Amino acid sequence: MVPKGVLSRYGHLLNLPSHTQPVTLLEGATPLIPVPRLARELAEGMELWVKYEGLNPTGSFKDRGMTAAISEALGRGAKTVICASTGNTAASAAAYAARAGMKCIVLIPQGKVAAGKLAGALAYGAQVIQVEGSFDDALHLVMEITRKHPIALVNSLNPYRIEGQKTAAFEICDDLGSAPDWLCLPVGNAGNITAYWAGFRQYHELKHTGLPRLLGVQAAGAAPLVLGHPVDRPETVATAIRIGRPARGEEALQAAAESGGRIIAVRDEEILRMQRLLAQTEGIWVEPASAAGLAGLAAEIAAGHLRARGQRIVAVCTGHGLKDPDIIRGLPAQPIVLPPRLDSLEEVILRL
Ligand code: F0G
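See below:
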């Protein structure tokens, strides 16, 4: 099979203008990995899969929407794109802009972007600007500047980002033969949950695939959609979702409610525990924010709010673990150092 990106696989289902000029890194077609060992840890008799979006070209789900947004911007003659980002959007925008021959400017909150994401944005040649403020401040700035200057905004406020991100829902239905009973995913700026719901609804209308319930999960220190009001100083170890004023918050709440699901919050400890559990029971290493969906699922099951038996559940793991190596360097389990001697090695091995 000739490898294809999401626009050539699903472009006929996406609402993109005719001037769109495809720019692709062959994103999408990410694996839906069964995780039976983790499932057994959480509940009896549930079927659980991880949609491993960290395997996209720049290491996160953002590439699905970015191929669409950059392709549209290029076709319309844009020379420069801009976004605010907690890191993954920045790396993705930078890569696709490079491939399109466009300039890319990214605004990130100073000191709060994981090393792998900042490195990516720089490597792909973006102009990186650290803002002395939060993601929300940075988003406000890029919205203002794109009103004044002919620079294309490629945050998920851009409707083509949502169009591209719908393809993840299509892939899940194609792989399972229908929609799962539940879809669990992290929620930050709330573009992804909005896109999934639009994608599932469209596929259901077209192919009668059914609809999942959505479990959106925020970090407790950055949970405006759970609290019901903006958070001025969001804080969480999951820096990808460290957002206090989600741009598509209303749509996210509506999607969750319409689906018969909900948006909940989990503590940082639960996120980190799930990151470790997923890596150490299934060999899937994701960045902290990406473990939030599963952490939320575990919390709902433990609290008796979600009966998992007999259910088919998909958890979206949005970004690769390599994005945020510093989190792991902070864990108690670290390498041990030995002299190059057999007896020293034996001593350690026999203690395991
Ligand atoms: N997971 C990861 C790894 C993310 O990077 C993001 C968002 C989300 C989940 C939440 O998705 O915003 O659509 O609700 N990252 C954005 C960024 C904000 O700038 O990279 P969302």
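Convert by adding 91 to the 1-based position in the sequence shown; the result is the number in my numbering. In this text, a Cβ means the ideal position worked out from N, Cα and C, and glycines have one as well. Small disclaimer: the values here were computed from a predicted structure and weren't measured.
By Cβ distance below 7 Å, which residues in the same chain neighbour residue i in space, the five residues on each side in sequence not counted?
i: P416; result: A206 and G207
i: E118; result: G96, V97, N147, P148, D154, R155 and T158
i: I392; result: L133, A134 and A399
i: E342; result: A281 and T285
Give the range of the alpha helix (DSSP H) segment to which residue i is assigned.
i: P315; result: P315 to L318
i: I220; result: Premise fails: I220 lies in the beta strand (DSSP E), Q218 to V222, not in any alpha helix (DSSP H).
i: R155; result: K153 to G166
i: D434; result: L433 to R442
i: N283; result: G282 to K298
i: G387; result: A383 to A393
i: R190; result: N179 to A191
Helix, strand or coil, according to DSSP, for residue i in the structure here?
i: W44; result: This structure does not reach residue 44, given that the chain is present from 92 up to 443, and the question cannot be answered.
i: H240; result: coil
i: R304; result: strand
i: R353; result: strand
i: R77; result: Since the first and last residues shown for the chain are 92 and 443, residue 77 lies out of range.
i: A347; result: helix
i: G256; result: In the sequence as presented, Gly is not what sits at residue 256; that position holds Gln. Correct three-state label for Q256: helix.
i: A214; result: helix
i: R403; result: strand
i: G425; result: It is Gln, not Gly, that sits at residue 425 in the sequence shown. Correct three-state label for Q425: coil.
i: G207; result: helix
i: Q112; result: coil
i: G145; result: helix
i: V377; result: strand
Grab the span of the beta strand (DSSP E) containing residue i for me, first residue to last.
i: T171; result: T171 to A175
i: L198; result: K194 to P200
i: P125; result: L123 to P125
i: L104; result: Note, L104: premise wrong, no beta strand (DSSP E); not H, not E.
i: P416; result: Element bounds for P416: not the beta strand (DSSP E) but the alpha helix (DSSP H), P416 to R420.
i: W273; result: W273 to P277
I need the straight-line Cα distance from residue i to residue j, nearest angstrom please.
i: A185; j: H299; result: 37 Å
i: A134; j: R333; result: 29 Å
i: P241; j: A188; result: 16 Å
i: L385; j: P303; result: 16 Å
i: V328; j: L274; result: 23 Å
i: M365; j: A212; result: 27 Å
i: E438; j: A424; result: 18 Å
i: G374; j: V126; result: 10 Å
i: E262; j: G319; result: 32 Å
i: H295; j: S151; result: 26 Å
i: V379; j: G412; result: Note that residue 379 is Pro in the sequence shown here, rather than Val. Cα to Cα, the separation comes out at about 8 Å.
i: A348; j: V428; result: 53 Å
i: R358; j: R128; result: 23 Å
i: A293; j: L441; result: Checking the sequence shown, residue 293 turns out to be Gln, not Ala. Distance between the alpha carbons of Q293 and L441 is about 57 Å.
i: L232; j: G145; result: 28 Å
i: R420; j: G268; result: 40 Å
Between residue i and the ligand MN, is there a pair consisting of the residue's CB and a ligand heavy atom that are separated by less than 7 Å?
i: V278; result: In the structure shown, the ligand MN is absent; the only ligands present are the ligand F0G.
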